[in-house]
Amino acid sequence: MRSRIQMAPDDDETPSISLADVPAREVAGRDTGNKYFYQYKKAAEAAVELLEDGDAKLVFCDMHDDFVIKRLEGTLDVYLFHQVKAKDKKNHLWSFVDVFAVGLTKQFKGSCADGFAWHMIAHQKSFSNQCKGVVLVTNVLFNDDVEEFIGAVLAASTIADLVGKPKKQFSALSDAYVAADPTFTPEYVFAFLKKFKLHSLAGPIDASDNEDASVILRKVKEFSEVDLNLSQSKTVAEELINLVRKRSTAKIHPGISIQELEQKTSVSINDVVSVFPITADAFNILRQAGDQRALLNASILQRFLGRLGYSNELISLASVCKVEWDVWYFEMRHTPVQPDIQFLLARCESLVRQDLSGSGGLSKMHLELGHLLSEFAPKLAVGRPLNSNIVFGAFLSRVVNLEINK
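Taking this note's numbering, I'd label the letters of the sequence shown as residues 179 to 584.
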């Protein structure tokens with residue numbers, strides 16, 4: 179007789195499991211191409227959220243589920259599994275039986291595998307406390323029975339807290355799941371359902387390219403504050419969706435290492451940045467220096483310096499100067515020369531406000547910055563000496579500040 183599964187406690191000290199350590203349940207879709215285009219769009223939208231400087235590190239595409247967000251909590255990798263279910267009929271409602279395979283009207287004689295949730299509880303079984311949650315994503319709605327049941331489970335601390343219809347629904351569902359897999363317990367099923375989330379009306383399945391671009395535009399604005407026009411958003415959306423499609427259909431083999439798995443099947447923040455009209459190196463320089471608005475600031479520098487004729491390589495070097503200024507300014511913030519630093523910034527801001535885009539603008543900028551170095555280096559001879567990189571960084575800090583505060 180098989181032993182019953184016990185939920186792993188949050189402080190479980192068992193070795194961390196990677197996605198490569200467990201044979202993947204969800205791989206059949208890797209070769210189905212356009213059939214899962216809606217799935218690709220939802221994964222691309224999730225990838226944009228990597229721009230937020232948080233704990234989300236990767237979005238795996240069609241690996242173990244339709245897409246999986248890998249997050250880092252402390253030293254532990256955790257996973258948020260997403261299953262996408264789309265319907266052409268816009269007024270369709272997913273029923274309790276659709277989601278859980280179990281109903282209340284008659285004795286259950288079907289298969290738990292007929293419901294979406296049965297395939298998602300496999301993640302809890304494989305990854306234990308590293309399964310942070312499971313999300314059912316759809317373009318339509320769920321029946322009230324489903325919404326109310328999940329709401330009741332989320333509000334309950336224990337099974338005993340369930341009353342009325344949700345109690346009967348849980349009892350029927352739990353009995354069916356334990357009968358289908360005797361290693362389960364009612365407590366195990368309840369713990370899984372506490373991780374179960376519903377995401378309805380996730381966007382139309384037949385959206386136009388412009389609608390897809392608008393969704394990407396809103397998410398980029400939300401998670402990075404970068405403003406893109408519709409044309410740029412359209413390009414970013416197309417390239418992100420194509421990247422997800424590529425990662426979703428890449429061939430994988432048994433025994434694949436986690437490094438190769440990530441390279442072939444996941445989207446990283448660098449992948450996302452690579453489709454933006456900015457220099458990826460500049461973004462990484464700013465982000466690694468702790469810039470909380472790295473993508474926004476890299477975008478501003480790209481536009482400003484690009485108009486002056488800077489190459490991408492020079493823009494990356496300029497980002498280093500911006501970082502050098504930030505560090506220098508932090509070191510000097512409590513020194514007696516702070517008034518002179520503010521005078522330097524005011525002079526830089528005055529230079530930024532001049533029209534430098536015309537002929538000779540670049541030479542004028544460097545000439546003026548050289549004059550500022552000569553004038554302020556003696557006045558700021560406290561701590562680390564002022565140099566040309568720091569002065570250029572001060573100038574760029576005003577470029578960014580003026581753009582943000584328009």
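Built from N, CA and C at the ideal position, the CB exists for glycine as well.
My output table needs one value for D255: the three-state DSSP class, helix, strand or coil.
Reduced to three states, the DSSP call for D255 is strand.
Whether V414 touches L229 by CB criterion (8 angstroms)
Not in contact: V414 and L229 (Cβ atoms no closer than 8 angstroms).
Return helix, strand or coil for K429, following the three-state DSSP convention.
Looking at K429 - three-state DSSP - the assignment turns out to be coil, as it is neither helix nor strand.
In this structure, how does DSSP classify V313 when only helix, strand and coil are distinguished?
DSSP places V313 in strand when its eight states are reduced to three.
Which value, in whole angstroms, describes the spacing of the CA atoms of D233 and R249?
Take the alpha-carbon of D233 and the one of R249: they are about 5 angstroms apart.
Any alpha helix (DSSP H) of 4 or more consecutive residues that is wholly inside the stretch 523 to 559
Runs found: 539 to 554.
Let's test the definition: count the other Cβ atoms within 10 Å of the Cβ of N212 and tell me whether it reaches 16, buried, or not, exposed.
Unreliable placement is indicated for N212, whose pLDDT of 41 sits below 50; the coordinate value is still reported in the next sentence. Classification for N212: exposed.
Who are the Cβ neighbours of K287 in its own chain at under 7 angstroms, not counting the five residues just before and after it?
If we look at K287 and ignore the five residues flanking it on each side, it has no Cβ neighbours.
Let me check one thing: in DSSP terms, what residues is I247 bridge-paired to?
Checking the DSSP bridge columns, you'll see I247 partnered with V237 and L258.
Sequence-distant residues of the same chain with beta carbon closer than 6 angstroms to I568, five excluded per side:
Around I568: E502, W503 and W506.
List the DSSP bridge partners of V445.
Bridge pairing for V445: V237 [DSSP].
Should the stretch 318 to 338 be called in touch with the stretch 264 to 273, which here means at least 3 C-beta pairs below 8 angstroms?
The stretch 318 to 338 is in contact with the stretch 264 to 273.
Less than 8 angstroms between the C-beta atoms of S444 and L236, yes or no?
Closer than 8 angstroms, so yes.
From which residue to which residue does the alpha helix (DSSP H) around F305 run?
Its alpha helix (DSSP H) spans residues F294 to F305.
Would you give the residue range spanned by the beta strand (DSSP E) that K375 belongs to?
Where K375 is concerned, the enclosing beta strand (DSSP E) stretches over F374 to H377.
Can you tell me whether R208 is buried or exposed, with buried defined as 16 or more other CB within 10 angstroms of its CB?
For R208, the predicted structure reports a pLDDT of 48, less than 50, and the residue's modelled location is therefore unreliable. A value from the coordinates is still provided. Answer is buried; the Cβ neighbour count reaches 16.
Alpha-carbon spacing of H544 relative to E403, whole angstroms
Taking the Cα positions, H544 is about 30 angstroms away from E403.
Cβ-based burial, I582 [other Cβ within 10 Å; buried from 16]
Exposed: under 16 other Cβ atoms inside 10 Å.
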